[in-house]
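Residue numbers (the UniProt record's numbering): 1 to 99.
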């Protein structure tokens, strides 16, 4: 059981991954009238303009769990420092407003 987030991993430690290809965002579902959390694909970066945006079939969905997650994990055990967190802008996608 669960939602699509169970298939999402942090990009750190994934061979060949240099940045997240998706992000968690709060959203307002207009049709239901409630706040929700979703996983949204990030656009290709400025250096990746020649590459197709999106996540190819069979590729992992990778996000940044954030500094807070890794700071807590480091407190619980001796892990290497993990840094980098992506922010999100507000935009509307279909019936969902990204917050």
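Glycine is no exception: its CB is placed at the ideal position from the N, C-alpha and C atoms.
A quick note: this is a predicted structure, and the numbers were derived from the prediction, not measured.
Rounded to whole angstroms, the Cβ separation of residue 11 and residue 62 is 4 Å, and the two are in contact under 8 Å. When secondary structure is reduced to three states using DSSP, residue 26 falls in the strand class. Residue 18 holds the alpha-carbon nearest to the alpha-carbon of residue 44 among 18, 74, 13, 71.
At a Cβ-Cβ threshold of 8 Å, residue 20 and residue 64 count as neighbours.
When the alpha-carbon of residue 5 is set against those of 60, 68, 32, 73, the nearest one is in 60. The Cβ atoms of residue 23 and residue 37 do not sit closer than 8 Å to each other. The criterion of a C-beta distance shorter than 8 Å is satisfied by residue 8 and residue 39.
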